[in-house]
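Reading through the structure tokens given below for one structure.
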Amino acid sequence: MGEHRQRYSEKFKKETVKFAQEQRQKKNMTDIADELQVPLSSLHEWMKHYREFENEPVVTGDRVKQLEKELEIKDKKIAETEEELAIVKKAVHIFSRPRP
């Protein structure tokens, strides 16, 4: 007939969210929910309400790699632009000299 719904205390919810935030580097939310034996939808709702950013790393390893790649691309672009600028400066110097 009716199914019995599990009720969780506020303390349990907060501790679960803190644990989930700490584990997100290593595991996905589905694995965390399975490990704690709570419904994934409940875990997502608790994350919305009890999430504290101090418990989360600022960036993930994948994000760091992505940013490093972007930085490398931009560094190459800057080097190319500086080289082009040097060529233009030489050309301006050559063509601005008085002709005999």
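Under numbering that gives the first Met the number 0, residues 0 to 99 are what the sequence shown spells out, in order. Glycine included, each C-beta is placed from N, C-alpha and C at the ideal position.
Taking only three categories from DSSP, how would you classify residue i?
{"i": "Y7", "result": "coil"}
{"i": "E51", "result": "coil"}
{"i": "V37", "result": "coil"}
{"i": "Q24", "result": "coil"}
{"i": "R96", "result": "coil"}
For residue i, is the classification buried or exposed, using 16 other Cβ atoms within 10 angstroms of its Cβ as the cut-off for buried?
{"i": "V16", "result": "buried"}
{"i": "E79", "result": "exposed"}
{"i": "Q65", "result": "exposed"}
{"i": "A90", "result": "exposed"}
{"i": "Q20", "result": "buried"}
Near residue i, which residues of its chain fall below 7 Å by C-beta distance, leaving aside the five closest residues on each side in sequence?
{"i": "P38", "result": "A32"}
{"i": "Y49", "result": "K12, K13 and V16"}
Suppose the cutoff is 6 Å on Cβ atoms and the five residues either side in sequence are ignored; what does the same chain contact list for residue i look like?
{"i": "Q22", "result": "I31"}
{"i": "L52", "result": "Sequence check: residue 52 is Phe here, not Leu. There are no such residues."}
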